[in-house]
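Asker:
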Amino acid sequence: MPRREDLHKILVLGSGPIVIGQAAEFDYSGAQACKVLLEEGYEVVLVNSNPATIMTDPEFATATYVEPLLPGTVRQVIEREKPDALLPTLGGQTALNLAKTLYEDGTLEELGVELIGATYDAICRAEDRERFDATMQAAGLRTARNTIAHSLEEARVALDAFGLPLIIRPAFTLGGRGGGIARTPEDFERIVATGLAASPIGQILIDESVLGWGEYELEVMRDHADNVVIVCSIENIDPMGVHTGDSVTVAPQQTLSDRVYQKLRDQAIAVIRAVGVETGGSNVQFAVNPATEEIVVIEMNPRVSRSSALASKATGFPIAKIAARLAVGYTLDEIPNDITRATPASFEPALDYVVVKWPRFAFEKFPGVDAGLSTHMKSVGEVMAIGRTFGQAFGKALRSRELDAQPALDGTDEALLERLQTPSADRFDVLLELQRRGVADGELRARTGIDPWFLRELRQLDTAFEGVRTFKAVDTCAAEFEAETPYYYSAWERSGASEVRRGDRPSVMILGSGPNRIGQGIEFDYCCVHAAMTVRESGRDAVMVNCNPETVSTDYDTSDRLYFEPLTLDDVLAIVDVEQPEGVIVSFGGQTPLKLAAGLAAAGVPLLGTQPEAIDLAEDRGRFGALLEQLGLKAPPYALAATPAEALEAAPRVGFPLLVRPSYVLGGRAMELAYDEAMLADYFARVRPGGEIFLDRFLENAIEVDVDAICDGEDVWIGGIMQHVEEAGIHSGDSACVLPPHSLGVEMLDEIREATRALALALGVVGLMNVQYGVYGEDLYVIEANPRASRTVPFVSKATGQPLAKIACRVMLGEKLAALGLPDDPAGNHVSVKEAVMPFDRFAGTDALLGPEMRSTGEVMGVAVDFPTAFAKAQAAVGTRLPAGGTAFLTVTDSDKPAVMGIAAQLHDVGFRIVATRGTAAAIKRMGIPVEAINKIQDGRNNVVDWIERGDVDLVINTPTGTAARSDGYEIRRAAIARGVPSMTTIAGGMAAARAIAAARVGEPAVHSLQELHANGGVRA
Amino acid sequence: MSAYVLLEDGTRFDGEAVGAHGSVTGEVVFTTGMSGYQESMTDPSFARQLITFTTAHVGNYGVSEAAMESDRIHAAGAIMRSAVDYDDAPGAEQGWLSWLRANGVPGIAGVDTRALVRHIRSAGALRGGIFAGDVPEREARERVHAEPSMVGRDLAREVTTPEPRIFEGDGGPRIVALDTGIKRSIIRNFTERGATLEILPCTSTAEELLARDPDGFFLVPGPGDPAALDSIVETIRTLLTSKPVFGICLGHQLLSRAAGLETYKLPFGHRGANHPVKDLRTGRIAITSQNHGFAVAGVPGEIIDSELGAAQLTHVNLYDNTIEGIRLLDVPAGCVQYHPEAGPGPNDSLDLFDEFLGAFSAA
């Protein structure tokens, strides 16, 4: 059946900010869906709060709303846009939950919007554990013995019935947040409590343990004619017990016999039919007992998932694209296979290679957290590698991880074996070390439960790369048919000709950003995708190199040729050999490709845009300092020390407070503030930085400013000036920021523009440059300049409507700014606020404090006609619901006391009850604002933490400085996070929150599409 | 020890010798199925063929009695990218390579199977051989050229049962199967449904078959060229006048020839577990297990006037629009080119056995 003619306008929901468990894979799936629906002639309305996504590029929808993914906001969009249908299956759990809410509250029925892709009943049958189990039983399938509990008492009944260990999972949460494996009665009580609190419906599932069973996933697609295909099987090398998002996985499955695999296949088909997903993709997870071949259905997602993104990249079968087509009425056989172009999508890909997925963790960012792996997903990104054999894929995945530090592998065999027993981020490094030491596979199997086939293949890892490197194609059909779409990986064979078919056109290679991690996320992938688009528009072939399956850049549609390869010098040079590119772009993918710049240049590979010398000049503190001096620009005093002792000696010359960090870091890694020599000494004792150490004077309470600019070597264009909401000292990636700046004068802005121009020209930038400034009193200080794409490029692009990365790429390809007709000041009449999303609720035990080390995983944008409203939207979009009233608790350091009074006054004016610790209360009282003093923690019972835990506090404003205040503050913030109470840790943040609360009293803010905002004139207040 | 694959056009692929020592020739084919290596090797339809496994790893879960599709290995050899020989996988009774060796079947591993498949894809199915590294290429070439072509080759006689075999069911219809190379999965699917299966040599005459007085006849899969089996085709014509007749794979080709349709050799065959087949009567698509080098000529969906009355070309392979199934409209007979019994491959079409049995019971 062809497309549905009764639908004209379709609403697509995105997944919002990148958080653990829901990453850029939903930008990939959402962007594909939007593209397909537009191609099919539908109008597309998109809501997604995440500006760093390709799907929110204005050309991907008819109307794009970068607005909070909340029922009220989406309802407003529906009222305005009047879509006929809502497609909720491509925006992760966020979109699915939102669609469910809109159905339940009657919005969809009232406004005549049809759910397509998955019906409400199907969503409920898959997501509600009780209904899922009942549905599976009715279909004759076995689920683990389990029970649902809504209280600790109910949970204890299960404990008695099933015995330990037990798996506890909260209903309706992302990536199993709040769940875990209970091996002891104490674990059990604790995990049940957090699970109940984490579930939005206060429901947990307690599962009989299938720990140690094999874990498999099947990606299933079904059309409305009930044709079903299995796109891919995925085997977790880690047996049951580690969340699949944290597991090392392999596709296709390797250890099941055909008989057992076909049983899984039959059951996966039975599951999708029983749940009733009429069209689209679903992911079904199984546990298989290797000894008895018993099969248990673990769960199913009635939507496109992280695993479907992986399966799409692993097989070349574009699940999201096809799901979107199925949702509007097509059947599988009516859709062509993009790769072969000759065969239909109603088939199952055959692989003649092996794919390995590795999770990327960031525990080093969260000292003190439990780094053990369990059913609660903790990884922040992933890499995928394709090899001709498992060994090749595994070896490539190992080098794709880009670890900041190699795992410590010292200790006795027994100590390492102990470590293996509890799954951890470095378990395969430990396992390989034990194999090197000659420990028998039997012993390793006993400790890990890993199938002997994998252990043997791992033992022969060294031999996997014998022979010569050649390039082979991913073609969905194991070479049975010719592939039209060039999607390649390197393979080692005895001999061999590369399958790469490179035409005569010049090509430009774009090096991607590798695995998502804190400090290097989707923003860089966004820039790389824009580079590919621009290169193609210029008539050259765009060649993408990346190893991250969760991205748009690794969609085979994004470039003319895709190489799914690790981003190491060796791997990239091999591709250069076959491609002979006109140039390579290293400045869009963050540190990953930048680190390769020198090696590529040394090998004679032409780099486009800013040359490595300019990067060195900006990064070499001495030379950069001299350059600033020459340009008449100020910089905070600093020192470079070879050893901690030298640093301690230099510290007084720099002056306290100061920022200290090792010289080569990403995302402010291991960067801290020291207020005195004792703190500095303590830092060295804890961090033990090897190599050089930077000390920078910290401009306390300075206003931080970020500028993104483009230079063509002659001319400089300022794309955006952003003022940070938090004061200097908070990593720019974690700070909220506003564009245009809300409290800088015209003269200061001019000074910033001039300084940026001078810097770009002096550094010799060709392309993008980001400069961070501190405005300290009346003075402008240059904090750092980075001649490359920055994290804020997508935000600035969405806020201004100017595609910075594309403009920069055109300049790098030789065009001149003067010829591009760019507006002098693209900021427009609206205000855009970017807010960072912190993962603290995922890492129990970490301090939820913003600081110089970046720890956010993603970002959102709020757009409005004024700053407070835009800020309120951004807060709502990160899930911080600012309260309309109630009790505000304030506690600030002495230096912040004058400033806190303004916040208190504003909160009081809108009807808040103000409580504060004694010192803060005294300061507020002096201004004549009613305030109640409450106990600090050390004051004993009924202290602030008790207040928060009782739910008596609705807003926390707590600024910490210095060591003593930190420990108290830590407890306050921990309690606030546990209770979900908004907590502001800076004066500026508190002020913005107070203003936003006042603004929200006027009513729900209006929604604006990007297309309206960027049309001539934009939106007026 | 080194070994190599030599094709009749002189193309050579190197690897290591695994399995039994020695050299072997046959038709070099490839299967894209990602599991089920043991089922494929023991499938009689692979007689005189060297199977190239496109999946990267073979042997991972060992071999076991439960995965046998017949009582021995029928394929002539195995060509693989990577192969292992361990018997400690859960469920394994023997290692894969030891089993090949014990059964005297040579294999070769470390071959760039993808390059080999790409070659066959463009050159078509070729004769070839697996040769020990010390066999001079000239000698190897002579042996490859001495290998008869698959076209015109009667291999059914090589794999058929010498004596009648009976598999008792439980109250279901009694079916006589003309054995051109039956698989255990087919026997199991009939007996599990209560049917009794009497398997007779393919050389049986129509009189011998009719003397059994079954509820219906079943035409089974098998190797070789259907055009070389005219005597069986004649036998089938005789059978069709009395009882329902159904067939799979070679059985489908023979039934089609009995109806007057032509068969021809496909460029490189269909072998794998992922081919989409559409039943044009219902629009339903099944993912199918495939293993055939010859196909029936015709236009999918067409109803033709055959030598056995009206016949509809009911099923089509969506990869290349070849005929995958036929239904005779004037007599109770039908057949499919693909393998509903799976073993290896998907179970999407198992309900065809119910359909067959329904027709046998109604007769």
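In order, the protein sequence lines correspond to chains U and S. Everything in the first sequence is counted per our numbering, starting at 1 for the first residue and increasing by one. Everything in the second sequence is counted per our numbering, starting at 1 for the first residue and increasing by one. Cβ atoms here follow ideal geometry from the backbone N, Cα and C, with glycine treated the same way.
1) If I'm right that residue 979/U touches residue 949/U with Cβ under 8 angstroms, what's the distance once you round it to whole angstroms?
2) Just by C-beta distance, which residues in the region 256–277 of chain U are closer than 9 angstroms to chain S?
3) Hey, out of 875/U, 523/U, 374/U and 820/U, whose CA is closest to residue 181/U's CA?
4) For the region 949–1014 of chain U, which segments carrying the alpha helix (DSSP H) assignment without a break, of at least 4 residues, lie completely within its bounds, in sequence order?
5) In angstroms with no decimal places, state the Cα-to-Cα distance between residue 499/U and residue 527/U.
6) For the region 39–72 of chain S, list every residue whose C-beta sits within 8 angstroms of some C-beta in chain U, in sequence order.
7) Residue 323/S and residue 345/S: beta carbons closer than 8 angstroms?
8) Does the beta-carbon distance from residue 341/S to residue 186/S come in below 8 angstroms?
9) Quick one: what does DSSP say residue 590/U is sitting in, helix, strand or coil?
10) Interface residues of chain S around residue 346/U at Cβ under 7 angstroms?
11) So what's residue 898/U in DSSP terms, helix, strand or just coil?
12) Could you list which residues in chain U have their beta carbon closer than 7 angstroms to that of residue 344/S, in chain order?
13) Contact between the region 201–212 of chain U and the region 390–398 of chain U is defined here as three or more beta-carbon pairs at a separation below 8 angstroms; is this criterion met?
14) Residues in the same chain with beta-carbon distance under 6 angstroms from residue 716/U, minus the five sequence neighbours each way, listed in chain order, please.
15) Can you tell me which of the three DSSP states residue 123/S falls into?
16) Could you give the C-beta distance for residue 695/U and residue 654/U, rounded to a whole number, given that I count them as a contact under 8 angstroms?
17) Find the residues of chain U that neighbour residue 86/S, judging by a C-beta separation of less than 9 angstroms, and give them in chain order.
18) In angstroms, rounded to a whole number, what distance separates the CA positions of residue 264/S and residue 119/S?
19) When Cβ atoms are compared, which residues of the region 227–257 of chain U fall closer than 9 angstroms to chain S?
20) Taking the Cβ atom as the reference point for each residue, do residue 507/U and residue 579/U lie within a distance shorter than 8 angstroms?
21) For residue 328/U, which residues of its own chain have a beta-carbon under 8 angstroms away from its beta-carbon, when the five flanking residues on both sides are left out?
22) Please confirm whether residue 280/U has its beta-carbon closer than 8 angstroms to some beta-carbon of chain S.
23) Looking at C-beta atoms only, is the number of pairs between the region 88–105 of chain U and the region 251–263 of chain U that lie closer than 8 angstroms three or more?
24) Could you check if residue 13/S belongs to the surroundings of the ligand MG, using beta carbon to heavy atom distance under 7 angstroms?
25) For chain S, find out if any of its Cβ atoms is closer than 8 angstroms to the Cβ of residue 352/U; answer yes or no.
26) Please name the residue in 308/S, 228/S, 32/S and 349/S whose C-alpha comes closest to that of residue 348/U.
27) Which residue from 435/U, 853/U, 120/U and 642/U puts its Cα closest to that of residue 365/U?
28) Are the C-beta atoms of residue 32/S and some chain U residue less than 8 angstroms apart?
29) Between residue 50/S and residue 172/U, what straight-line distance do the alpha-carbon atoms span, to the nearest angstrom?
30) Roughly how many angstroms lie between the CA atoms of residue 929/U and residue 817/U, to the nearest whole one?
31) Under 8 angstroms Cβ-Cβ, which residues of chain S neighbour residue 333/U?
32) Taking DSSP as the reference, what is the three-state secondary structure of residue 213/U?
33) I'd like to know whether the C-beta atoms of residue 112/S and residue 30/S end up nearer to each other than 8 angstroms.
34) Measure the CB-CB distance between residue 766/U and residue 809/U and report whether it falls below 8 angstroms.
35) Taking only three categories from DSSP, how would you classify residue 189/S?
36) Starting from residue 371/U, follow the alpha helix (DSSP H) in both directions and report where the run begins and ends.
Answerer: Working from what's here:
1) 7 angstroms
2) 256, 257, 258, 259, 260, 261, 262, 263, 265, 266 and 269
3) 374/U
4) 962–979, 987–1000 and 1010–1014
5) 29 angstroms
6) 39, 54, 55, 56, 57, 60, 61, 64, 66 and 67
7) no
8) yes
9) coil
10) 276, 285 and 318
11) helix
12) 258
13) no
14) 709, 757 and 760
15) helix
16) 5 angstroms
17) 452, 453 and 456
18) 21 angstroms
19) 227, 228, 229, 230, 233, 252, 253, 254, 255, 256 and 257
20) yes
21) 3, 4, 7, 10, 37, 40, 42 and 116
22) no
23) no
24) The model depicted lacks the ligand MG and carries no ligand whatsoever.
25) yes
26) 32/S
27) 853/U
28) yes
29) 52 angstroms
30) 54 angstroms
31) 276, 278, 285 and 318
32) coil
33) no
34) no
35) helix
36) Element bounds for residue 371/U: n/a, residue is neither H nor E.
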